[in-house]
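A.B. asks:
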């Protein structure tokens, strides 16, 4: 385990090395499972709000470790507080439904707490024991424990973190710690957890220190991404259609930099035809040959398709598929330009001073641990 108080020179190296130094299209493909275990008490409000703006950017950074590869990336969220609060833990299991994870993160509100310590032991235990981790030995499995308060060690029927971390090592799950703020009692335990978890200890500002970087391409990408979202149609059961509509609404409401990160993730993950993740999106499945209009019942169709003839439905779908293809062709060029711009800006910031932001620390750590995984 290494303590990541990164100096400016080391940080410049991390950003000036080409991504091929960490992964290449010729390297064996591997999947990635990442669980973020977040303290959601009131003192963490700045970090939680920043994470909502940066989750897609973090997803892009993970995809960047495997250029040219089509392996699966899954995310999980566990919010934790303490006994007596509105909840002790709130868990969203590992999934490649990135839009779903984004929606769940937006629901988190930093409230309660103030008494320190928190139910860290329970959250950490659940992250190791209850999440549906991929069992393939080639899969990179990571936990990021993020908080500013140490664990209660006086609760009955609690699993001590040392036990959870032993189980994590046996399951080849790397546990990293991210300390928000500078409380000495938290620092001591966070160092120990990272040591026992074969991970990294990361220190960040209390508010996470994240900055939204607006590129010259964001506004145009946002307009195209909005147009893409207007091609989204849910189908199937009413609940599935409602879920697709909700994901579309959240995507439409995203700020320009977040919308651009969404678009970038679609291309980097090899899913540029997937405007919202999670399934039951008619235009995508129709274009991919996964669904036929002939097999759908009337109540499984989008509202705008009901009452139309099969010929009219097909014509409408064909037009939406073509529109999506046209938008993707234009957007791909802009997304590549934006990615280059952001990398150049990151180099400038790194040369000026070390960057201790949450998203930057996660990016560094994932790159390093992905590189180590590929050498095994």
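In my numbering, the protein residues as written are 34 to 409.
We put the beta carbon where it would ideally sit given N, CA and C, even for glycine.
1) In this structure, does DSSP put residue 317 in helix, strand or coil?
2) Mind listing, in chain order, the continuous alpha helix (DSSP H) runs of no fewer than 4 residues lying wholly within the segment 219-281?
3) Using a 10 Å radius around the Cβ and a threshold of 16 neighbouring Cβ atoms, would you call residue 148 buried or exposed?
4) Would you call the segment 200-214 and the segment 178-192 in contact, with 3 or more CB pairs under 8 Å?
5) Looking only at C-alpha atoms, which of 244, 205, 243, 197 sits nearest to residue 225?
6) State the DSSP-derived secondary structure class of residue 106, mapped to helix, strand or coil.
7) Alpha carbons only, please: which of 281, 361, 272, 268 is nearest the one belonging to residue 315?
8) Taking the straight line between their C-alpha atoms, what separation do you get for residue 270 and residue 332?
9) Quick one: what's got a C-beta closer than 7 Å to residue 318's C-beta in the same chain, skipping five residues either side?
10) In its own chain, which residues sit with a C-beta less than 8 Å from the C-beta of residue 96, not counting the 5 before and 5 after it?
11) Tell me which residue opens and which closes the beta strand (DSSP E) that residue 390 is part of.
12) Ends of the alpha helix (DSSP H) at residue 300?
13) Roughly how many angstroms separate the alpha carbons of residue 305 and residue 256, rounded to a whole number?
14) With burial defined as no fewer than 16 other Cβ atoms inside 10 Å of the residue's Cβ, what is the status of residue 340: buried or exposed?
15) Assuming residue 294 and residue 90 make a contact with CB atoms under 8 Å, what is their CB distance in whole Å?
16) List the DSSP bridge partners of residue 209.
17) What does the alpha-carbon distance come out to for the pair residue 170 and residue 66?
18) Just grab the DSSP bridge partners of residue 123 for me.
19) What are the partner residues of residue 193, as DSSP defines its beta bridges?
20) Name the residue from 140, 127, 137, 187 whose alpha carbon lies nearest to the alpha carbon of residue 162.
21) My output table needs one value for residue 64: the three-state DSSP class, helix, strand or coil.
22) Just tell me which of 215, 158, 164, 344 has its CA closest to the CA of residue 194.
23) Does the separation of the CB atoms of residue 125 and residue 109 fall below 8 Å?
24) From which residue to which residue does the alpha helix (DSSP H) around residue 78 run?
25) Using the C-alpha atoms, what's the distance from residue 83 back to residue 250?
26) Spatial neighbours of residue 201 within its chain, please: CB distance less than 6 Å, with the 5 preceding and 5 following residues excluded, ordered by chain position.
27) Grab the span of the alpha helix (DSSP H) containing residue 329 for me, first residue to last.
28) Nearest to residue 173 by CA position, among 366, 360, 104, is which residue?
29) What separation, rounded to the nearest whole angstrom, lies between the Cα atoms of residue 140 and residue 310?
30) Which residue or residues does DSSP assign as beta-bridge partners of residue 72?
C.D. replies: The answer reads as follows:
1) Residue 317: helix per DSSP, three-state reduction.
2) With a minimum length of 4 residues, the continuous alpha helix (DSSP H) runs that stay inside the segment 219-281 are 251-262.
3) Under a 10 Å Cβ-count criterion, residue 148 is classified as exposed, with fewer than 16 other Cβ atoms of the shown protein chains found around its own Cβ.
4) In short, these stretches touch, since the Cβ pair count reaches three.
5) The option with the nearest alpha carbon to residue 225 is 197.
6) It is a strand residue.
7) Among 281, 361, 272, 268, the Cα nearest to that of residue 315 is on 268.
8) A direct Cα-to-Cα measurement between residue 270 and residue 332 gives close to 8 Å.
9) The answer, listed in chain order, is 324.
10) Within the same chain, 106, 298, 301, 302 come within 8 Å of residue 96 by CB-CB distance, once the 5 residues on both sides are set aside.
11) Where residue 390 is concerned, there is no enclosing beta strand (DSSP E), given that its DSSP letter is neither H nor E.
12) Residue 300: member of the alpha helix (DSSP H) spanning 289-301, first to last residue.
13) Looking at the two C-alpha atoms, the distance is approximately 16 Å.
14) Exposure of residue 340 is indicated by the presence of fewer than 16 other C-beta atoms within 10 angstroms of its C-beta.
15) Yes, they are in contact, since the Cβ atoms of residue 294 and residue 90 sit about 5 Å apart, within 8 Å.
16) Here residue 209 is bridged, per DSSP, to 177.
17) As the crow flies, the alpha-carbon of residue 170 is around 12 Å from that of residue 66.
18) Its beta-bridge partners are 112.
19) Residue 193 is not bridged to any residue.
20) Among 140, 127, 137, 187, the Cα nearest to that of residue 162 is on 127.
21) The answer is coil: DSSP assigns residue 64 none of H, G, I, E or B.
22) Ranking 215, 158, 164, 344 by Cα distance to residue 194 puts 158 first.
23) Result yes, Cβ atoms of residue 125 and residue 109 sit closer than 8 Å.
24) First-last of the alpha helix (DSSP H) with residue 78: 78-97.
25) Taking the straight line from one Cα to the other gives about 21 Å.
26) Around residue 201, the same chain offers 161, 208, 230 as residues with beta carbons nearer than 6 Å, after the five sequence neighbours per side are excluded.
27) For residue 329, there is no enclosing alpha helix (DSSP H), as DSSP marks it with neither H nor E.
28) For residue 173, the closest of 366, 360, 104 by C-alpha to C-alpha distance is 104.
29) If I take the Cα positions, the gap works out to 18 Å.
30) Bridge partners of residue 72: 113.
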